[in-house]
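Q: First the structure, then my questions, so here it is.
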Amino acid sequence: MKATLTLLILACCFTIRAQQSTIPDNEHARLLIGKKRCLIAYAGNDHSFTLETPLHSAKPSDVPGFITIDKQIVQATVVPGDKNIDLTGMTPAREKDVLQKYMNYELDYYRKKLKQHYSHLQTEWLTLSGKLFLVWYFDMPPTYKLVSRQVYVSTLFGNEVMDLNAPVFKTDDWGKARGILVRLAGTMKTFNKRLDLDDLGKKLNKG
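Going letter by letter, the sequence shown gives residues -18 to -1, 1 to 189 in mature numbering (1 follows the signal peptide of the UniProt record, and there is no 0).
Printed below as a string of structure tokens:
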């Protein structure tokens, strides 16, 4: 079981720098389960976000940093943006350009640093609740026996990028994985302050 879990963690860790050394563990969002609501929440120094998921469908995953929703593991991660670029107040065209470059940078890191060769990359743009998201997905190398495809949904979040990721174990399940991420993205609420996640969790438990 330990060997299988280790392989699974390695296969799932394509949220590249988030799972390497650049981003500490607390840059992953937390799962908060209450009596009537269930949230995935992240609190930064001066900005935060929440994502809402059906109450009885989400639970912590055996894979560190991931959450299980309807038997699909997902991850919500905040990735630092380019410090030389002001990511606030952008036009939609500029947002697309920045997100495209971010995706290309991550893929380049994956290909050159991790020596892995993805294939069949596809992208699409979605506007959900007035917020622009880049949906991108690709097939994993044949050497990855556990994961066949990776699905991402990315958006600008302050001067950072918020990534939702779902590794797909069976190719036929990729539509389900994409649907879960898109539904989560559509519930995203942002706050220009640091949320107290412990306090938020207590409030959720009170109903």
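Glycine included, each C-beta is placed from N, C-alpha and C at the ideal position. Just so we're clear, the structure is a prediction, and the values are computed from it rather than from any experiment.
1. Asparagine 187 by DSSP, collapsed to three states: which one?
2. Using the beta-carbon count (16 or more within 10 Å), is serine 136 buried or exposed?
3. Rounded to the nearest angstrom, how far is the Cβ of leucine 138 from that of valine 80, given a contact under 8 Å?
4. Taking the C-alpha atoms as reference points, what is the distance between serine 3 and lysine 95?
5. Tell me whether proline 124 sits in a helix, a strand or coil according to DSSP, three-state version.
6. Taking the alpha-carbon of leucine 128 as reference, which of Trp107, Phe151, Phe120 has the nearest alpha-carbon?
7. So what's proline 74 in DSSP terms, helix, strand or just coil?
8. Quick one, which of Lys175, Leu177, Ala167 has its alpha-carbon nearest residue 198's?
9. Just how far apart, CA to CA, sit histidine 102 and tryptophan 118?
10. Count Cβ pairs between the segment 11 to 21 and the segment 29 to 39 that sit closer than 8 Å; are there 3 or more?
11. Using the Cβ count rule (16 or more neighbours within 10 Å means buried), how would you classify threonine 59?
12. Following the continuous beta strand (DSSP E) through lysine 158, name the residue where it begins and the one where it ends.
13. Taking the Cβ atom as the reference point for each residue, do serine 56 and leucine 146 lie within a distance shorter than 8 Å?
14. Can you grab the Cα-Cα spacing for the pair aspartate 52 / aspartate 154, in whole Å?
15. What does the Cβ neighbour count give for alanine 75, buried or exposed, with the cut at 16 atoms within 10 Å?
16. In the DSSP assignment, what residue or residues form a beta bridge with lysine 113?
17. When you compare only the Cα positions, how much space is there between tyrosine 126 and serine 30?
18. Which stretch, first to last residue, makes up the beta strand (DSSP E) that contains leucine 139?
19. DSSP three-state call for arginine 12: helix, strand or coil?
20. Assuming proline 149 is part of the beta strand (DSSP E), what are its boundary residues?
A: Concretely, from the data shown:
1. helix
2. buried
3. 7 Å
4. In this prediction, serine 3 has a pLDDT of 34, which is less than 50 and means its spatial position is unreliable; nothing more can be read from the coordinates.
5. The answer is coil: DSSP assigns proline 124 none of H, G, I, E or B.
6. Phe151
7. helix
8. Since the first residue of the chain shown is -18 and the last is 189, residue 198 is not available in this structure.
9. Those two C-alpha atoms are separated by around 10 Å.
10. yes
11. buried
12. Per DSSP, lysine 158 lies in no beta strand (DSSP E); the unbroken alpha helix (DSSP H) holding it starts and ends at 156 to 168.
13. Note on identity: in this sequence residue 56 is valine, with serine being the wrong assignment. Contact: yes.
14. If I take the Cα positions, the gap works out to 15 Å.
15. exposed
16. Bridge partners of lysine 113 according to DSSP: Leu110.
17. 34 Å
18. At residue 139 the sequence reads phenylalanine, which differs from the leucine that was named. Note, phenylalanine 139: beta strand (DSSP E), 131 to 139.
19. strand
20. 142 to 150 is the extent of the beta strand (DSSP E) around proline 149.
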